[in-house]
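Undergrad: Quick note, our numbering runs 401 ahead of the 1-based positions in the sequence shown.
Here it is, the structure, as C-alpha coordinates.
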Amino acid sequence: MKSVSIHTDGACSGNPGPGGWAAIIVYGKKELELCGFEPDTTNNRMELTAAIKALEALREPCRINLYSDSTYLVSAFNEGWIYNWSAHGWKRGKEDVKNPDLFKRLLELSAVHNITWIHVKGHADNEYNNRCDALAVNCYKEHLAETGADRDRPYTGVLEETIESRETYFRGRVFDVEKRQVSLPDGYKSEREIVLHPGGAAIVALDADNNVFLVRQYRSAAMQPMLEIPAGRLEKGEDPKAAAIRELREETGLTAEPDKVELLTEVYATPGYCSEKLSIYFTKCDSAAGKPHRDAGELLRCEKLLFTEAWSMAVTGRLKDSKTVVGLCLAKERLDTNR
(Lines of atoms letter the chains of each structure in order from A and count residues from 1; the text may use other names and numbers.)
(Lines give C-alpha, C1' and ligand atoms only; values in the text may rest on other atoms or scores of the structure.)
Protein backbone atom coordinates (compact mmCIF):
# COMPACT_ATOMS: atom_id res chain seq x y z
CA MET A 1 0.00 0.00 0.00
CA LYS A 2 1.46 3.35 -1.06
CA SER A 3 2.09 6.03 1.57
CA VAL A 4 0.73 9.44 0.61
CA SER A 5 0.48 12.83 2.33
CA ILE A 6 -2.50 15.05 1.60
CA HIS A 7 -2.75 18.70 2.61
CA THR A 8 -6.12 20.46 2.28
CA ASP A 9 -7.74 23.81 2.91
CA GLY A 10 -10.94 25.68 2.12
CA ALA A 11 -11.81 29.36 1.86
CA CYS A 12 -15.00 31.36 1.54
CA SER A 13 -15.82 35.02 0.93
CA GLY A 14 -18.74 36.00 3.11
CA ASN A 15 -19.44 32.54 4.63
CA PRO A 16 -21.86 31.84 3.04
CA GLY A 17 -20.66 33.14 -0.29
CA PRO A 18 -18.37 32.17 -3.15
CA GLY A 19 -15.62 29.83 -2.05
CA GLY A 20 -12.68 27.71 -3.10
CA TRP A 21 -11.02 24.50 -2.01
CA ALA A 22 -7.49 23.20 -2.55
CA ALA A 23 -5.40 20.11 -1.92
CA ILE A 24 -1.80 19.07 -2.43
CA ILE A 25 -1.10 15.35 -2.76
CA VAL A 26 2.51 14.36 -2.00
CA TYR A 27 3.88 10.96 -3.05
CA GLY A 28 7.64 10.68 -2.73
CA LYS A 29 9.07 13.64 -4.63
CA LYS A 30 5.93 14.11 -6.70
CA GLU A 31 3.27 16.69 -5.90
CA LEU A 32 -0.19 17.20 -7.38
CA GLU A 33 -2.11 20.42 -6.80
CA LEU A 34 -5.91 20.43 -7.00
CA CYS A 35 -8.34 23.30 -6.54
CA GLY A 36 -11.92 24.23 -7.34
CA PHE A 37 -14.63 26.85 -6.96
CA GLU A 38 -18.27 26.98 -5.85
CA PRO A 39 -20.39 30.13 -6.27
CA ASP A 40 -22.47 29.71 -3.10
CA THR A 41 -21.01 27.74 -0.22
CA THR A 42 -19.52 27.92 3.29
CA ASN A 43 -16.02 27.62 4.66
CA ASN A 44 -16.82 24.26 6.27
CA ARG A 45 -18.16 22.83 3.02
CA MET A 46 -14.98 23.88 1.25
CA GLU A 47 -12.84 22.22 3.94
CA LEU A 48 -14.75 18.96 3.52
CA THR A 49 -14.78 19.21 -0.27
CA ALA A 50 -11.00 19.64 -0.38
CA ALA A 51 -10.53 16.34 1.45
CA ILE A 52 -13.10 14.57 -0.74
CA LYS A 53 -11.55 15.75 -4.01
CA ALA A 54 -8.06 14.73 -2.89
CA LEU A 55 -9.19 11.24 -1.83
CA GLU A 56 -11.18 10.80 -5.05
CA ALA A 57 -8.04 11.61 -7.04
CA LEU A 58 -6.23 8.53 -5.70
CA ARG A 59 -6.42 5.56 -8.06
CA GLU A 60 -5.86 2.85 -5.45
CA PRO A 61 -6.14 2.34 -1.69
CA CYS A 62 -3.37 4.18 0.14
CA ARG A 63 -1.96 4.77 3.58
CA ILE A 64 -2.59 8.49 4.06
CA ASN A 65 -1.59 11.25 6.44
CA LEU A 66 -4.22 13.92 5.79
CA TYR A 67 -3.38 17.38 7.16
CA SER A 68 -6.07 20.03 7.64
CA ASP A 69 -6.52 23.17 9.73
CA SER A 70 -10.24 22.36 10.06
CA THR A 71 -11.11 21.09 13.53
CA TYR A 72 -14.57 20.43 12.10
CA LEU A 73 -13.14 17.87 9.67
CA VAL A 74 -10.37 16.30 11.75
CA SER A 75 -12.41 15.95 14.95
CA ALA A 76 -15.30 14.36 13.07
CA PHE A 77 -13.04 11.33 12.58
CA ASN A 78 -10.66 11.50 15.54
CA GLU A 79 -13.46 12.08 18.06
CA GLY A 80 -15.75 9.55 16.40
CA TRP A 81 -18.52 12.04 15.67
CA ILE A 82 -19.04 10.88 12.11
CA TYR A 83 -19.65 7.27 13.15
CA ASN A 84 -22.24 8.32 15.74
CA TRP A 85 -23.97 10.57 13.22
CA SER A 86 -24.11 7.76 10.69
CA ALA A 87 -25.47 5.31 13.26
CA HIS A 88 -28.23 7.74 14.26
CA GLY A 89 -29.44 8.64 10.77
CA TRP A 90 -27.21 11.71 10.48
CA LYS A 91 -28.76 13.27 13.53
CA ARG A 92 -27.01 15.17 16.29
CA GLY A 93 -29.44 14.77 19.14
CA LYS A 94 -32.70 16.08 17.73
CA GLU A 95 -31.01 18.24 15.09
CA ASP A 96 -29.90 17.29 11.60
CA VAL A 97 -26.17 17.13 11.01
CA LYS A 98 -25.01 19.90 8.71
CA ASN A 99 -23.42 18.92 5.40
CA PRO A 100 -24.51 15.26 5.58
CA ASP A 101 -23.89 14.75 1.85
CA LEU A 102 -20.20 15.56 2.26
CA PHE A 103 -19.74 13.57 5.45
CA LYS A 104 -21.39 10.53 3.84
CA ARG A 105 -18.93 10.71 0.96
CA LEU A 106 -15.99 11.12 3.34
CA LEU A 107 -17.13 8.07 5.29
CA GLU A 108 -17.26 6.05 2.07
CA LEU A 109 -13.77 7.16 1.05
CA SER A 110 -12.30 6.58 4.50
CA ALA A 111 -13.37 2.93 4.21
CA VAL A 112 -11.19 2.58 1.10
CA HIS A 113 -8.01 4.04 2.57
CA ASN A 114 -6.07 3.89 5.80
CA ILE A 115 -6.23 7.53 6.86
CA THR A 116 -4.60 9.32 9.78
CA TRP A 117 -6.32 12.68 10.30
CA ILE A 118 -3.89 15.35 11.50
CA HIS A 119 -4.83 18.87 12.60
CA VAL A 120 -2.44 21.74 11.80
CA LYS A 121 -2.58 25.39 12.75
CA GLY A 122 -3.85 27.52 9.91
CA HIS A 123 -2.12 30.67 8.62
CA ALA A 124 1.05 29.77 10.52
CA ASP A 125 4.35 28.15 9.50
CA ASN A 126 3.07 25.06 7.70
CA GLU A 127 4.26 25.50 4.12
CA TYR A 128 1.74 23.14 2.56
CA ASN A 129 -1.19 24.59 4.50
CA ASN A 130 -0.24 28.09 3.42
CA ARG A 131 0.05 26.94 -0.19
CA CYS A 132 -3.37 25.31 -0.01
CA ASP A 133 -4.87 28.46 1.47
CA ALA A 134 -3.40 30.58 -1.33
CA LEU A 135 -4.63 28.11 -3.97
CA ALA A 136 -8.17 28.08 -2.55
CA VAL A 137 -8.39 31.86 -2.25
CA ASN A 138 -6.91 32.49 -5.69
CA CYS A 139 -9.23 29.92 -7.24
CA TYR A 140 -12.41 31.67 -6.15
CA LYS A 141 -10.99 35.15 -6.72
CA GLU A 142 -9.98 34.32 -10.30
CA HIS A 143 -13.38 32.82 -11.00
CA LEU A 144 -15.18 35.85 -9.62
CA ALA A 145 -12.96 38.23 -11.57
CA GLU A 146 -13.77 36.34 -14.78
CA THR A 147 -17.50 35.91 -14.25
CA GLY A 148 -18.61 38.58 -11.78
CA ALA A 149 -20.74 35.82 -10.27
CA ASP A 150 -20.79 37.46 -6.84
CA ARG A 151 -22.20 40.80 -7.92
CA ASP A 152 -25.82 39.64 -7.99
CA ARG A 153 -25.86 38.98 -4.25
CA PRO A 154 -25.35 41.14 -1.14
CA TYR A 155 -21.73 41.43 -0.05
CA THR A 156 -21.22 40.31 3.55
CA GLY A 157 -17.43 40.36 3.85
CA VAL A 158 -14.92 42.86 5.21
CA LEU A 159 -15.44 46.47 4.16
CA GLU A 160 -12.00 47.90 3.52
CA GLU A 161 -9.58 48.73 0.72
CA THR A 162 -5.81 48.47 0.45
CA ILE A 163 -4.13 51.32 -1.43
CA GLU A 164 -1.54 49.80 -3.78
CA SER A 165 -0.40 53.06 -5.40
CA ARG A 166 -1.39 56.71 -5.56
CA GLU A 167 -0.68 59.56 -7.95
CA THR A 168 -1.54 63.23 -7.52
CA TYR A 169 -2.48 64.62 -10.90
CA PHE A 170 -3.96 67.99 -9.85
CA ARG A 171 -2.86 70.44 -7.19
CA GLY A 172 -5.09 73.43 -6.57
CA ARG A 173 -5.54 76.26 -4.13
CA VAL A 174 -8.49 74.59 -2.39
CA PHE A 175 -7.93 70.87 -3.00
CA ASP A 176 -5.78 68.26 -4.74
CA VAL A 177 -6.99 65.32 -6.83
CA GLU A 178 -5.42 61.90 -6.41
CA LYS A 179 -5.76 58.68 -8.41
CA ARG A 180 -5.50 55.49 -6.36
CA GLN A 181 -5.10 51.87 -7.38
CA VAL A 182 -6.77 49.74 -4.70
CA SER A 183 -7.16 46.06 -3.87
CA LEU A 184 -10.52 44.91 -2.53
CA PRO A 185 -11.12 42.07 -0.05
CA ASP A 186 -13.02 40.02 -2.65
CA GLY A 187 -9.97 39.91 -4.91
CA TYR A 188 -10.91 42.67 -7.33
CA LYS A 189 -8.66 45.60 -8.12
CA SER A 190 -10.12 49.00 -8.84
CA GLU A 191 -9.28 52.65 -9.36
CA ARG A 192 -10.41 55.58 -7.24
CA GLU A 193 -10.29 59.30 -8.00
CA ILE A 194 -10.25 61.21 -4.71
CA VAL A 195 -10.55 64.93 -4.01
CA LEU A 196 -8.19 65.64 -1.11
CA HIS A 197 -9.56 68.48 1.00
CA PRO A 198 -8.14 69.78 4.31
CA GLY A 199 -11.60 69.92 5.90
CA GLY A 200 -13.91 72.72 6.86
CA ALA A 201 -15.89 74.27 9.69
CA ALA A 202 -19.35 75.86 9.81
CA ILE A 203 -21.37 77.50 12.56
CA VAL A 204 -25.02 78.13 13.41
CA ALA A 205 -24.99 81.47 15.26
CA LEU A 206 -28.07 82.81 17.09
CA ASP A 207 -28.61 86.05 18.99
CA ALA A 208 -30.66 86.54 22.15
CA ASP A 209 -33.86 86.93 20.09
CA ASN A 210 -33.30 83.60 18.30
CA ASN A 211 -32.34 85.18 15.02
CA VAL A 212 -29.86 83.16 12.98
CA PHE A 213 -27.13 84.73 10.87
CA LEU A 214 -26.74 83.40 7.34
CA VAL A 215 -24.68 84.53 4.38
CA ARG A 216 -25.78 84.71 0.77
CA GLN A 217 -23.22 84.26 -1.99
CA TYR A 218 -22.97 83.01 -5.55
CA ARG A 219 -21.79 79.41 -5.84
CA SER A 220 -20.17 78.72 -9.18
CA ALA A 221 -20.55 74.93 -8.98
CA ALA A 222 -24.31 75.25 -8.35
CA MET A 223 -24.54 78.24 -10.73
CA GLN A 224 -26.83 80.16 -8.37
CA PRO A 225 -26.78 82.30 -5.22
CA MET A 226 -27.20 80.23 -2.05
CA LEU A 227 -28.10 81.05 1.53
CA GLU A 228 -25.77 79.30 3.99
CA ILE A 229 -24.50 79.26 7.53
CA PRO A 230 -21.02 80.83 7.81
CA ALA A 231 -18.37 78.29 6.85
CA GLY A 232 -14.92 77.94 5.40
CA ARG A 233 -11.88 75.81 4.74
CA LEU A 234 -9.43 74.93 7.51
CA GLU A 235 -6.03 76.53 7.33
CA LYS A 236 -3.08 74.14 7.71
CA GLY A 237 -3.03 72.85 11.29
CA GLU A 238 -6.05 74.96 12.30
CA ASP A 239 -8.45 73.74 14.98
CA PRO A 240 -11.98 73.37 13.53
CA LYS A 241 -13.61 75.34 16.36
CA ALA A 242 -11.15 78.19 15.88
CA ALA A 243 -11.89 78.08 12.15
CA ALA A 244 -15.66 78.29 12.76
CA ILE A 245 -15.19 81.31 15.04
CA ARG A 246 -12.89 82.93 12.47
CA GLU A 247 -15.32 82.37 9.60
CA LEU A 248 -18.21 83.80 11.64
CA ARG A 249 -16.20 86.94 12.36
CA GLU A 250 -14.93 87.34 8.77
CA GLU A 251 -18.28 86.76 7.07
CA THR A 252 -20.70 88.46 9.52
CA GLY A 253 -18.59 90.59 11.87
CA LEU A 254 -19.96 88.63 14.86
CA THR A 255 -17.70 87.49 17.67
CA ALA A 256 -18.28 84.14 19.39
CA GLU A 257 -16.79 83.23 22.75
CA PRO A 258 -14.92 79.90 22.48
CA ASP A 259 -16.48 78.52 25.68
CA LYS A 260 -19.95 79.16 24.23
CA VAL A 261 -19.28 77.31 20.98
CA GLU A 262 -20.30 73.64 20.96
CA LEU A 263 -19.93 70.94 18.35
CA LEU A 264 -23.15 69.74 16.75
CA THR A 265 -21.67 67.09 14.46
CA GLU A 266 -18.92 66.12 12.03
CA VAL A 267 -20.00 64.98 8.58
CA TYR A 268 -18.55 63.90 5.26
CA ALA A 269 -20.67 65.60 2.61
CA THR A 270 -19.51 63.49 -0.35
CA PRO A 271 -17.43 60.56 0.97
CA GLY A 272 -17.69 58.71 -2.32
CA TYR A 273 -14.93 60.86 -3.80
CA CYS A 274 -14.01 63.68 -1.40
CA SER A 275 -12.08 63.53 1.89
CA GLU A 276 -13.54 66.77 3.29
CA LYS A 277 -14.76 66.42 6.87
CA LEU A 278 -16.96 69.30 7.96
CA SER A 279 -17.31 70.22 11.65
CA ILE A 280 -20.57 72.06 12.38
CA TYR A 281 -20.88 74.18 15.54
CA PHE A 282 -23.57 76.06 17.45
CA THR A 283 -23.29 79.29 19.43
CA LYS A 284 -25.29 82.14 20.87
CA CYS A 285 -23.65 85.53 20.59
CA ASP A 286 -24.17 89.27 20.84
CA SER A 287 -25.99 90.60 17.77
CA ALA A 288 -23.95 93.80 17.85
CA ALA A 289 -21.85 92.92 14.85
CA GLY A 290 -18.53 94.42 14.00
CA LYS A 291 -17.27 94.74 10.47
CA PRO A 292 -16.91 91.65 8.28
CA HIS A 293 -13.56 91.02 6.64
CA ARG A 294 -14.16 89.21 3.36
CA ASP A 295 -11.43 87.41 1.46
CA ALA A 296 -10.44 88.81 -1.94
CA GLY A 297 -12.95 87.62 -4.53
CA GLU A 298 -15.49 86.64 -1.86
CA LEU A 299 -18.73 88.48 -2.60
CA LEU A 300 -21.28 87.75 0.12
CA ARG A 301 -23.70 89.49 2.41
CA CYS A 302 -25.01 88.64 5.86
CA GLU A 303 -28.75 88.11 6.34
CA LYS A 304 -30.55 87.79 9.69
CA LEU A 305 -33.64 85.57 9.85
CA LEU A 306 -35.80 84.25 12.64
CA PHE A 307 -34.44 80.81 13.41
CA THR A 308 -37.87 79.22 13.00
CA GLU A 309 -38.13 80.71 9.51
CA ALA A 310 -34.67 79.48 8.50
CA TRP A 311 -35.41 76.01 9.91
CA SER A 312 -38.68 75.89 7.97
CA MET A 313 -36.78 76.78 4.79
CA ALA A 314 -34.35 73.93 5.50
CA VAL A 315 -36.96 71.21 6.04
CA THR A 316 -39.14 72.28 3.11
CA GLY A 317 -36.33 72.23 0.58
CA ARG A 318 -35.96 75.95 0.07
CA LEU A 319 -32.37 75.87 1.30
CA LYS A 320 -30.13 73.84 -0.99
CA ASP A 321 -26.83 73.83 0.89
CA SER A 322 -26.34 70.53 2.73
CA LYS A 323 -24.27 71.79 5.67
CA THR A 324 -26.86 74.49 6.31
CA VAL A 325 -29.74 72.01 6.31
CA VAL A 326 -27.86 69.67 8.65
CA GLY A 327 -26.74 72.48 10.94
CA LEU A 328 -30.18 74.08 11.26
CA CYS A 329 -31.91 70.74 11.90
CA LEU A 330 -29.44 69.76 14.62
CA ALA A 331 -29.63 73.23 16.15
CA LYS A 332 -33.44 72.91 16.25
CA GLU A 333 -33.12 69.60 18.08
CA ARG A 334 -30.68 71.14 20.54
CA LEU A 335 -32.93 74.13 21.21
CA ASP A 336 -35.97 71.90 21.72
CA THR A 337 -34.04 69.65 24.11
CA ASN A 338 -32.83 72.59 26.21
CA ARG A 339 -36.15 74.41 26.21
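For glycine and all other residues, C-beta sits at the position ideal for the given N, C-alpha and C.
To the nearest angstrom, how far is the alpha carbon of Leu-664 from that of Val-716?
TA: 21 Å
Undergrad: Got a sec, what are the start and stop residues for the beta strand (DSSP E) Ala-412 sits in?
TA: 403-413
Undergrad: Give the straight-line distance between the Cα atoms of Lys-431 and Asn-479, rounded to the nearest whole angstrom.
TA: 28 Å
Undergrad: So what does DSSP say about Lys-661, is it helix, strand or coil?
TA: helix
Undergrad: Between the region 695-702 and the region 601-618, do three or more beta carbon pairs fall short of 8 Å?
TA: yes
Undergrad: When DSSP builds the beta bridges, which residues end up paired with Ser-680?
TA: Ala-602, Glu-667
Undergrad: For Asn-500, count neighbouring Cβ atoms within 10 angstroms of its own Cβ and tell me buried if that reaches 16, exposed if not.
TA: buried
Undergrad: Less than 7 Å between the beta carbons of Asp-722 and Met-627, yes or no?
TA: yes
Undergrad: Hey, quick one: how far does the alpha helix (DSSP H) through Arg-735 stretch, first residue to last?
TA: That run of the alpha helix (DSSP H) goes 723-738.
Undergrad: Report the option in Asp-410, Asp-696, Arg-695 whose CA atom is closest to the CA atom of Ala-535.
TA: Among Asp-410, Asp-696, Arg-695, the Cα nearest to that of Ala-535 belongs to Asp-410.
Undergrad: By how many angstroms is the C-alpha of His-694 removed from the C-alpha of Leu-707?
TA: 24 Å
Undergrad: Would you say Ile-426 and Ile-453 are within 7 Å of each other, going by their C-beta atoms?
TA: no
Undergrad: Only counting the same chain, and skipping five residues up and downstream in sequence, which positions put a Cβ closer than 6 Å to that of Thr-437?
TA: Reading off the sequence, residue 437 comes out as Gly, not Thr. Correct list, in chain order: Trp-422.
Undergrad: Which of the three DSSP states is assigned to Pro-626 in this structure?
TA: strand
Undergrad: Based on DSSP bridge pairs, tell me the residues matched to Lys-580.
TA: DSSP output for Lys-580 lists Glu-568, Glu-594 as bridge partner(s).
Undergrad: Taking one C-beta from the region 535-545 and one from the region 480-492 each time, how about it: are there three or more such pairs within less than 8 Å?
TA: no
Undergrad: So, do the region 629-647 and the region 600-616 have three or more beta carbon pairs nearer to each other than 8 Å?
TA: yes
Undergrad: Is the CB-CB distance between Glu-645 and Tyr-682 below 7 Å?
TA: A small fix is needed here, since residue 645 is Ala in this sequence, not Glu. Their beta carbons are under 7 Å apart, which means Ala-645 touches Tyr-682 by this criterion.
Undergrad: Please classify Lys-661 as buried or exposed, where buried requires at least 16 other C-beta atoms within 10 Å of its C-beta.
TA: exposed
Undergrad: Measuring CA to CA, which of Lys-522, Gly-490, Ala-477 is closest to Ile-516?
TA: Ala-477
Undergrad: From Arg-735 to Phe-571, what does the alpha carbon distance come to, in whole angstroms?
TA: If I take the Cα positions, the gap works out to 41 Å.
Undergrad: What is the C-beta distance between Tyr-556 and Gly-415, in whole angstroms, given that I count them as a contact (C-beta under 8 Å)?
TA: Their Cβ separation, rounded to whole angstroms, is 7 Å, which keeps Tyr-556 and Gly-415 in contact under 8 Å.
Undergrad: Over what stretch of residues does the beta strand (DSSP E) that includes Asp-534 continue unbroken?
TA: It is not in any beta strand (DSSP E) - Asp-534 instead sits in the alpha helix (DSSP H) that spans 528-548.
Undergrad: In chain order, what residues of the same chain lie with their CB nearer than 6 Å to the CB of Ala-657, ignoring the 5 residues before and after it?
TA: Contacts found: Ile-646, Leu-649, Thr-684, Cys-686.
Undergrad: Report back the beta-carbon spacing between Leu-510 and Glu-457 to the nearest angstrom; my notes put them in contact at under 8 Å.
TA: 7 Å
Undergrad: Take the Cβ of Pro-659 as the centre, count every other Cβ of all protein chains shown within 10 Å, and call the residue buried at 16 or more, exposed below.
TA: exposed
Undergrad: According to DSSP, is Leu-560 part of a helix, a strand, or is it coil?
TA: coil
Undergrad: Based on the DSSP output, what are the partners of Ile-516 in its beta bridges?
TA: Ile-465
Undergrad: Ile-564 and Val-583 look like a contact to me (Cβ under 8 Å); what is the Cβ gap, rounded to whole Å?
TA: At roughly 6 Å, the Cβ-Cβ gap stays under 8 Å, so Ile-564 and Val-583 are in contact.
Undergrad: On a CA-only basis, which of Thr-709, Leu-435, Asp-608, Pro-419 is nearest Asp-587? Give me that one, please.
TA: Pro-419
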